[in-house]
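Here the protein sequences come in this chain order: B and X.
Residue numbering for the first sequence follows my numbering, beginning at 1 and increasing consecutively.
Residue numbering for the second sequence follows my numbering, beginning at 1 and increasing consecutively.
Even glycine gets a Cβ: it sits at the ideal position worked out from N, Cα and C.
Step one of this worksheet: look at the structure below.
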Amino acid sequence: MDVLDEKTLSELAARVRAYPYPREMVVDVLRAIQERRGWVSDEGVELAAQLLRISPLEVEEVATFYDKIYRRPVGRKVIHLCDSVCCFSRGGEDILKHLEKRLQITLGQTTPDGMFTLLPTCCLGACGQAPAMSVNLRLYGHLTPEAVDRILEEERREVSP
Amino acid sequence: MSREVPRVLFANRRPGLTASLAEFERGGGYRGLRRAVAELSPAEVRRLVADSGLRGRGGAGFPTGVKWSFFPHDAPPDKYLVANCDEMEPGTYKDGELILADPHQLVEGLIVSAYALGANRATVFIRYDYERAACALERALAEAREAGYLGEHILGSDFSLEIHVHRSAGRYILGEETALLNGLEGRRPNPRLRPPFPAQKGLFGRPTNVQNVETLACVPHIVAHGPQWFRGLARTPEGAGTKLFGLSGHLERTECFELPIGTPLREIVEEWGGGVWRGRRFKACLPGGASTPFLDARALDVPMDFTALEKAGSRLGTAGVTVFDDRTCMLRVTHNLISFFARESCGFCTPCREGLPMVRECLARLEAGRGTLDDVDWLKEQVPRINLSFCALAQGAMGPLSSLLALFGDEVLDHVGRGRCPLGEG
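Here it is, written out as structure tokens:
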């Protein structure tokens, strides 16, 4: 599979041409690549560099900085469980144990079927709904072990109908 | 719920809904902008904001009028206005709530502020995890353009403005304004050396004003109703305006409320927060986000205002109030907070990159009951050292640490004495 499809590539190229400073689009380009492939490969970094007319190193130092740009393969869905103070104080650690048990993986790992990657995250801005997690761009709050089971099932079903 | 409170920023807030342009206008929306472009010069708008006593809602509490007085409004374009919606400090979620409830509050705030500053380009920097808010904002921007509030010749005036939305990809340091500017430029988001300040050389080397979302949203209300009205919203004489308080932690009700500046902490905890959960007692809170020093129960009557909280040894910060009940081990909480700051360090300067992980390991030892009195002394020595860091991130981390040692020193020593957590969590 190509890093980007023709249509997205030409749209991005057009936007880059319209910007006085192309490199300001680096996060947008990396996110677009990630949306298609799930993560940003070395080829993705090189493509972004060509598009933005900067060096691969300049792309890499941005790509590796951000939490939610993945430079290694991830599952089809990435679970980010908040471990900051508000979620921590309302049972976040128990939710982590439950997720690890259900998915049979630990933080940083991907399930053998390639469905879920489990990662920690700092505060999701859902402190009033603690404990909270995100699955890709979808936010889930007020987590309980039962709610987690339901969410995993729904998220799984969404991919494989 | 208890007493009547003024509703300014949350006037159109309905559970689970986002206010449309029509709803915003029905509530008096865009009156501030109409008044500004039709009746007031940019200098007059700046004067109103200075007189209103508005202070930054993003954490530092710097007077907005003073900040604006440093901005070279007469400089040739481009001049930038940036809304900071990174909002990644644990305990802080008010800006996300505001945009989701009523995105035009921010849009009008940006337009009026850009008019006042002479800025011709505006950007909203929004964090990765606020995708729903980003979408709500983009719809609001389209509505505003359609209605002539945004774009070329706003409301038939000579003033033109475009607003862009920049979606980030997640790191706390981007909330630091110079790191944010590097992020917007597509550079690695380490903080920049100051001077030059962003007002002189900011985005792409041009004059730039970076402002918190809530701060911007206050501006049109000040223009529409006047600085005296705004001052009168507060419950303390030195305060001004309302404030969005995001409640979290061990409370019965963990929601975001708009309350007058100066509302006593006790009222926030007991009335708005519904009291400490599970019938337990209040032990401590972070009054304004993860970087503000803890307050203990002796501070419950403090008015939640910038000056009063400084006198009480903490800060209003972002007014994200995180409460801890009497079964909480404060050493464990501090360990969690320091772990956050250590992970979010950008790695640029040594006190932060090396110091915070060392503090984290020391706290872990103490928490597990393996710490010594030397460890406690060592922790105290780190505070002034880590405060030498390049930017405010590590200094923010020292807020909880120094207040742990000051307010809960006995609890820390108890861990050493007993060789375990005295609260049974270790």
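Neighbour list for residue i in chain X, Cβ cutoff strictly below 9 Å
{"i": "D94 (chain B)", "result": "Result: empty, since nearest Cβ-Cβ is about 13 Å, beyond 9 Å."}
Where residue i sits in the DSSP three-state scheme
{"i": "D86 (chain X)", "result": "coil"}
{"i": "L139 (chain B)", "result": "strand"}
{"i": "I79 (chain B)", "result": "strand"}
{"i": "A114 (chain X)", "result": "helix"}
{"i": "G320 (chain X)", "result": "strand"}
{"i": "P357 (chain X)", "result": "helix"}
{"i": "E4 (chain X)", "result": "coil"}
{"i": "H164 (chain X)", "result": "strand"}
{"i": "I126 (chain X)", "result": "strand"}
{"i": "Q200 (chain X)", "result": "coil"}
{"i": "Y80 (chain X)", "result": "strand"}
{"i": "S403 (chain X)", "result": "helix"}
{"i": "R90 (chain B)", "result": "coil"}
CB of residue i within 9 Å of CB of residue j, strictly
{"i": "Q200 (chain X)", "j": "P103 (chain X)", "result": "no"}
{"i": "L81 (chain B)", "j": "E131 (chain X)", "result": "no"}
{"i": "L40 (chain X)", "j": "V223 (chain X)", "result": "yes"}
{"i": "S314 (chain X)", "j": "L393 (chain X)", "result": "no"}
{"i": "V66 (chain X)", "j": "I126 (chain X)", "result": "no"}
{"i": "A299 (chain X)", "j": "G91 (chain X)", "result": "no"}
{"i": "V112 (chain X)", "j": "P6 (chain X)", "result": "no"}
{"i": "R57 (chain X)", "j": "V213 (chain X)", "result": "yes"}
{"i": "F390 (chain X)", "j": "P191 (chain X)", "result": "yes"}
{"i": "L117 (chain X)", "j": "R46 (chain X)", "result": "yes"}
Between the CA atoms of residue j and residue i - distance to the nearest angstrom
{"i": "A14 (chain B)", "j": "P22 (chain B)", "result": "11 Å"}
{"i": "I99 (chain X)", "j": "G317 (chain X)", "result": "19 Å"}
{"i": "G170 (chain X)", "j": "E89 (chain X)", "result": "12 Å"}
{"i": "K77 (chain B)", "j": "A297 (chain X)", "result": "43 Å"}
{"i": "D414 (chain X)", "j": "V62 (chain B)", "result": "44 Å"}
{"i": "A364 (chain X)", "j": "R31 (chain X)", "result": "54 Å"}
{"i": "N12 (chain X)", "j": "Q105 (chain X)", "result": "10 Å"}
{"i": "M304 (chain X)", "j": "C86 (chain B)", "result": "20 Å"}
{"i": "V16 (chain B)", "j": "G262 (chain X)", "result": "48 Å"}
{"i": "G226 (chain X)", "j": "E108 (chain X)", "result": "16 Å"}
{"i": "M358 (chain X)", "j": "L309 (chain X)", "result": "30 Å"}
{"i": "R332 (chain X)", "j": "G29 (chain X)", "result": "46 Å"}
{"i": "R206 (chain X)", "j": "D78 (chain X)", "result": "6 Å"}
{"i": "L9 (chain X)", "j": "D5 (chain B)", "result": "43 Å"}
{"i": "D113 (chain B)", "j": "E411 (chain X)", "result": "47 Å"}
{"i": "G125 (chain B)", "j": "P131 (chain B)", "result": "11 Å"}
Chain-ordered chain B contacts of residue i [CB-CB under 8 Å]
{"i": "E87 (chain X)", "result": "G125"}
{"i": "F324 (chain X)", "result": "S89"}
{"i": "E344 (chain X)", "result": "C122"}
{"i": "G320 (chain X)", "result": "C127"}
{"i": "R188 (chain X)", "result": "E61, V62 and F65"}
Nearest residue (CA-CA) to residue i, options the options
{"i": "F197 (chain X)", "options": "X:N190, X:N209, X:G186 and X:P189", "result": "X:N209"}
{"i": "T64 (chain B)", "options": "B:L30, B:V16, B:T111 and B:G91", "result": "B:L30"}
{"i": "L52 (chain B)", "options": "B:W39, B:G38, B:R72 and B:L9", "result": "B:L9"}
{"i": "C329 (chain X)", "options": "X:D86, X:F408 and X:D129", "result": "X:F408"}
{"i": "D67 (chain B)", "options": "B:Q50, B:L57, B:E154 and B:I79", "result": "B:I79"}
{"i": "F294 (chain X)", "options": "X:A217, X:S402 and X:S389", "result": "X:S402"}
{"i": "C85 (chain X)", "options": "X:L181, X:L423, X:A368 and X:V416", "result": "X:L181"}
{"i": "G141 (chain B)", "options": "B:V40, B:E158, B:R157 and B:C123", "result": "B:C123"}
{"i": "I173 (chain X)", "options": "X:P15, X:R167 and X:P189", "result": "X:P189"}
Under 7 Å by beta carbon: chain X residues contacting residue i
{"i": "Y66 (chain B)", "result": "A169, G170 and R171"}
{"i": "G128 (chain B)", "result": "Y93, G246, L247, S248, T254, E255 and C256"}
{"i": "S134 (chain B)", "result": "D129"}
{"i": "V148 (chain B)", "result": "What V148 (chain B) touches in chain X: nothing, since even the nearest Cβ is about 18 Å away."}
Proximal residues of chain B, C-beta to C-beta of residue i below 9 Å
{"i": "V333 (chain X)", "result": "V85, F88 and S89"}
{"i": "F204 (chain X)", "result": "P20, Y21 and E24"}
9 Å Cβ cutoff, residue i in contact with chain A
{"i": "R157 (chain B)", "result": "No chain A is part of this structure, whose protein chains are labelled B and X."}
Heavy atom of the ligand MG within 8 Å of residue i beta-carbon
{"i": "I173 (chain X)", "result": "This structure does not include the ligand MG; it has no bound ligands of any sort."}
Cross-chain neighbours of residue i in chain B, by beta carbon under 7 Å
{"i": "G96 (chain X)", "result": "G125"}
Partner residues on chain X for residue i, Cβ-Cβ distance less than 8 Å
{"i": "L139 (chain B)", "result": "D129 and R132"}
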